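Residue numbers (the working numbering), protein chains in the order written: chain A, 61 to 442; chain B, 61 to 442.
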């Protein structure tokens with residue numbers, strides 16, 4: 061992909077259908093069509109996929125994890141190698157998280173203070189520190205096009221008081237993140253704030269408004285999909301989106317299933333990331349236009365039909381019988397093909413969502429997908 | 061690849077350089093340029109590689125294992141799915157072994173009788189039988205373009221008497237294999253005999269002559285690379301090749317390192333197979349034009365040079381630092397890239413060997429590769 065001539069990032073809306081929106085984030089490394097799904101490239105690789113295939117699947121942008129990369133191989137080492145894009149052969153835009161979420165979920169002996177968080181690496185036990193300033197420094201060393209403020213992902217459940225204390229700490233960290241970003245970032249790089257406040261609508265509103273006062277290029281909704289359930293998640297998304305400015309992209313972090321993504325698009329969200337397509341691909345699960353399939357199931361042993369005849373993905377043209385054979389045999393090619401097919405399914409889902417919004421048919425489209433996943437998906441689950 | 065119009069298989073020599081030969085095996089599914097290296101697609105997959113990339117690496121033909129496929133998913137099941145080519149998305153020629161070697165090396169409770177061999181599956185313990193007739197039936201069910209007679213791969217070491225008894229059993233099985241092949245094979249399919257006789261030159265000669273009397277489309281040299289050492293292997297290859305007809309392809313089974321392959325080409329061998337490029341790729345080892353590298357070695361952590369600047373393989377353009385990171389992190393992409401780069405290195409080796417033979421420069425080429433592997437390869441080994 062050619063590097064775009066622009067040195068600025070911008071967001072423009074092309075169409076709306078109810079609260080659902082379609083538009084474009086323009087970055088120096090290329091255009092991100094929204095609603096966008098970002099495959100997760102945790103440790104500088106979208107697991108079990110060649111970067112060319114991630115691109116061919118339709119992905120405009122990928123996500124990489126600051127926590128994983130600062131531990132291994134190290135941000136300074138990636139910077140020496142010419143930055144993350146060059147290191148991993150991905151020329152398009154990259155969004156990096158701040159590392160906060162994985163510090164909470166993976167690291168050992170965490171200690172959170174006003175200044176930041178210290179923790180032990182889950183790989184070798186080394187003691188490391190992450191502050192709002194260091195999180196930005198690391199993301200700049202990686203060369204991330206869209207960077208995230210360091211926040212505390214409030215655990216669920218949280219009392220109102222816990223949620224408020226945590227949210228206010230995240231706000232102070234957001235302000236410090238923005239200040240560090242102003243000093244370190246290259247032209248065209250963008251910084252997103254992250255709304256917290258657990259499932260308390262008024263706390264979410266206060267968090268969003270305070271972030272808007274600080275001023276960010278986009279706004280993420282964090283601290284969801286952590287056990288609160290779908291209804292609480294979607295209510296919180298609605299309450300938050302209502303406060304966010306129309307002219308900035310909105311990013312629901314860590315979500316999710318095809319049905320959850322469409323429900324969030326209905327409520328005005330523009331960006332998503334989730335390990336589900338790749339993790340499922342390594343665990344014999346396929347997302348298809350006919351629903352979710354478990355390829356370990358013996359019913360596929362002699363099913364010579366393609367994995368997903370409705371998909372344009374090369375990997376989805378392999379027969380279910382062959383994929384069944386591969387996953388039963390523990391062959392790496394099974395994980396490779398299912399990861400590719402799943403990532404492309406998510407991209408096709410977003411492409412159809414964008415077209416449906418542009419045509420004013422999003423509600424019918426979302427209902428159609430819900431029906432496909434209700435009819436076939438649950439049978440195969442687990 | 062288009063299916064060739066011919067319905068016959070044939071072999072023609074294009075050039076010789078000493079005993080080294082270059083030519084073409086023409087099959088209904090395409091041309092195999094010799095000397096040829098066949099990547100091993102054990103269980104209907106060249107491990108960790110998309111079939112498109114196996115083809116793009118320069119491979120004209122792959123090998124698949126009858127033993128593995130008859131156990132899982134079963135030959136009848138593959139036949140129902142339209143044959144092995146369609147099942148695994150490989151349209152070029154496929155050579156299948158007879159299953160004999162894996163029965164000896166993998167199966168449990170083997171019992172060899174005149175009629176054939178019974179054994180227990182190493183996967184689920186099921187009792188199975190393999191006779192010369194069943195081995196051909198299975199290979200025809202798979203739709204293999206080049207099939208192998210069932211033989212007993214004589215264990216090493218073997219006394220002269222053991223080697224002779226075993227070789228004579230293999231000869232009787234070869235005659236029965238040819239008879240079964242005559243009844244079952246489709247037009248254009250070919251059957252190769254397998255010379256046995258351990259490291260006893262006169263037994264090898266008797267085996268070869270008896271097989272020639274039966275008459276096969278090509279002749280394999282079996283029972284080598286089983287611990288006899290390089291000198292004994294090459295002496296046996298020389299003694300056997302001297303007896304084999306010039307107008308039939310010669311196939312050294314299960315060999316080997318780049319240096320061993322070139323030494324065998326020097327002695328008149330046309331075809332090879334080995335798991336080395338793919339197995340090494342899954343174990344952090346790379347074959348390059350600069351020698352063999354172990355990517356786990358910390359010396360590569362900040363080496364931003366390409367894996368192999370002399371290779372045209374896309375996978376060999378990734379930096380050593382990135383590959384080091386991937387293999388240290390246990391990422392599947394590491395095995396994917398190294399398998400691809402290794403398979404393509406073997407194909408580039410064969411392409412250069414063919415060109416060198418055509419130009420009368422094979423000895424100098426082989427010496428150059430030996431030097432590269434002596435200078436760099438051994439340091440990294442193990």
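Cβ atoms here follow ideal geometry from the backbone N, Cα and C, with glycine treated the same way. Computed from a predicted model, the values in this text were never measured in an experiment.
CA nearest to the CA of residue i, picked from the options
i: residue 46(A); options: 356(A), 204(A) and 341(A); result: The requested residue 46(A) is not part of the displayed model; chain A covers only 61 to 442.
i: residue 299(B); options: 274(B), 277(B) and 257(B); result: 257(B)
i: residue 162(A); options: 173(A), 153(A), 129(A) and 184(A); result: 129(A)
i: residue 308(A); options: 338(A), 279(A) and 171(A); result: 279(A)
i: residue 302(A); options: 272(A), 315(A), 286(A) and 288(A); result: 272(A)
i: residue 333(B); options: 317(B), 187(B), 211(B) and 69(B); result: 317(B)
i: residue 234(A); options: 192(A), 264(A) and 225(A); result: 192(A)
i: residue 340(B); options: 208(B), 100(B) and 81(B); result: 100(B)
i: residue 314(B); options: 213(B), 372(B) and 229(B); result: 213(B)
i: residue 208(A); options: 355(A), 146(A), 255(A) and 377(A); result: 255(A)
i: residue 93(B); options: 429(B), 119(B), 372(B) and 131(B); result: 119(B)
i: residue 211(A); options: 155(A), 281(A) and 350(A); result: 281(A)
i: residue 90(B); options: 154(B), 367(B), 136(B) and 114(B); result: 154(B)
i: residue 429(B); options: 221(B), 369(B) and 351(B); result: 351(B)
i: residue 304(A); options: 75(A), 253(A) and 354(A); result: 253(A)
i: residue 353(B); options: 145(B), 393(B) and 401(B); result: 401(B)
i: residue 359(A); options: 369(A), 366(A), 259(A) and 380(A); result: 380(A)
Buried versus exposed call for residue i [16 or more other C-beta atoms within 10 Å across all chains shown]
i: residue 133(B); result: buried
i: residue 251(B); result: buried
i: residue 77(B); result: buried
i: residue 433(B); result: buried
i: residue 185(B); result: exposed
i: residue 169(B); result: exposed
i: residue 238(B); result: buried
i: residue 195(B); result: buried
i: residue 264(B); result: buried
i: residue 68(A); result: exposed
i: residue 226(B); result: buried
i: residue 246(B); result: exposed
Alpha-carbon spacing of residue i relative to residue j, whole angstroms
i: residue 293(B); j: residue 322(B); result: 13 Å
i: residue 275(A); j: residue 149(A); result: 32 Å
i: residue 397(B); j: residue 117(B); result: 12 Å
i: residue 456(A); j: residue 295(A); result: Outside the shown range of chain A (61 to 442) lies residue 456(A), about which nothing can therefore be said.
i: residue 87(B); j: residue 240(B); result: 21 Å
i: residue 268(A); j: residue 306(A); result: 13 Å
i: residue 310(A); j: residue 283(A); result: 14 Å
i: residue 328(B); j: residue 319(B); result: 15 Å
i: residue 182(A); j: residue 288(A); result: 26 Å
i: residue 440(B); j: residue 389(A); result: Interpretation of residue 440(B) is limited by its pLDDT of 39, a score under 50 that renders its predicted location unreliable; the figure taken from the coordinates is listed afterwards. Cα to Cα, residue 440(B) sits roughly 31 Å from residue 389(A).
i: residue 48(B); j: residue 427(B); result: With chain B running from 61 to 442 in the structure shown, residue 48(B) is simply not present.
i: residue 70(A); j: residue 85(A); result: 6 Å
i: residue 189(A); j: residue 216(B); result: 59 Å
i: residue 325(A); j: residue 108(B); result: 36 Å
i: residue 286(B); j: residue 172(B); result: 20 Å
i: residue 219(A); j: residue 261(A); result: 13 Å
i: residue 236(A); j: residue 230(A); result: 10 Å
i: residue 437(B); j: residue 270(B); result: Its pLDDT being 46, under 50, residue 437(B) is placed unreliably in this model, and the value from its coordinates should be taken loosely. Spanning the two alpha carbons is a distance of roughly 40 Å.
i: residue 61(A); j: residue 110(B); result: Bear in mind that a pLDDT of 38 at residue 61(A), under 50, signals an unreliable position, so the number given afterwards is only what the model happens to contain. Taking the straight line from one Cα to the other gives about 24 Å.
i: residue 63(A); j: residue 121(A); result: With a pLDDT of only 44 at residue 63(A), under the threshold of 50, the placement of this residue in the model should not be trusted, and no figure is reported.
i: residue 167(B); j: residue 290(A); result: 51 Å
i: residue 442(A); j: residue 165(A); result: Because the pLDDT at residue 442(A) is just 32, under 50, the model does not fix this residue reliably, and the value given afterwards should be weighed accordingly. Near 23 Å, if we compare the C-alpha coordinates of residue 165(A) and residue 442(A).
i: residue 73(B); j: residue 242(B); result: 26 Å
i: residue 198(B); j: residue 156(B); result: 10 Å
heavy atom of the ligand MG below 7 Å from residue i C-beta
i: residue 364(B); result: Only the bare structure without any ligand can be found here, which leaves the ligand MG out of the picture.
key: alpha helix (DSSP H) runs contained entirely in the stretch 334-359 of chain B, provided each spans 4 or more residues   = Within the stretch 334-359 of chain B, the alpha helix (DSSP H) runs of at least 4 residues that lie entirely inside it are, in chain order, 336-342.
Runs of alpha helix (DSSP H) lying entirely within the stretch 68-122 of chain A, each at least 4 residues, in chain order = List check, alpha helix (DSSP H) in window: 111-116.
ask   = Contact between the stretch 122-129 of chain A and the stretch 169-178 of chain A: three or more CB pairs below 8 Å?
value = Contact between the stretch 122-129 of chain A and the stretch 169-178 of chain A is not established, with fewer than three Cβ pairs separated by less than 8 Å.
key: Unbroken stretches of the alpha helix (DSSP H), 4 residues or longer, contained in the stretch 277-318 of chain A   = Whole alpha helix (DSSP H) segments, 4+ residues: 290-301.
message = Check whether the stretch 402-412 of chain B and the stretch 378-387 of chain B are in contact - that is, three or more C-beta pairs closer than 8 Å.
response = These segments do not touch.
message = Taking contact to mean 3 or more Cβ pairs, one atom from each stretch, closer than 8 Å, check whether the stretch 400-407 of chain A and the stretch 335-351 of chain A are in contact.
response = These segments touch.
inquiry  = Extract the residue ranges of the alpha helix (DSSP H) inside the stretch 125-181 of chain A, only unbroken runs of 4 or more that lie entirely within it.
reply    = The qualifying runs are 126-131, 135-140, 144-148 and 160-165.
ask   = Going along the stretch 255-278 of chain A in order, which residues come within less than 9 Å of chain D, judged by CB to CB distance?
value = Protein chains A and B are contained in the structure displayed, whereas chain D is not.
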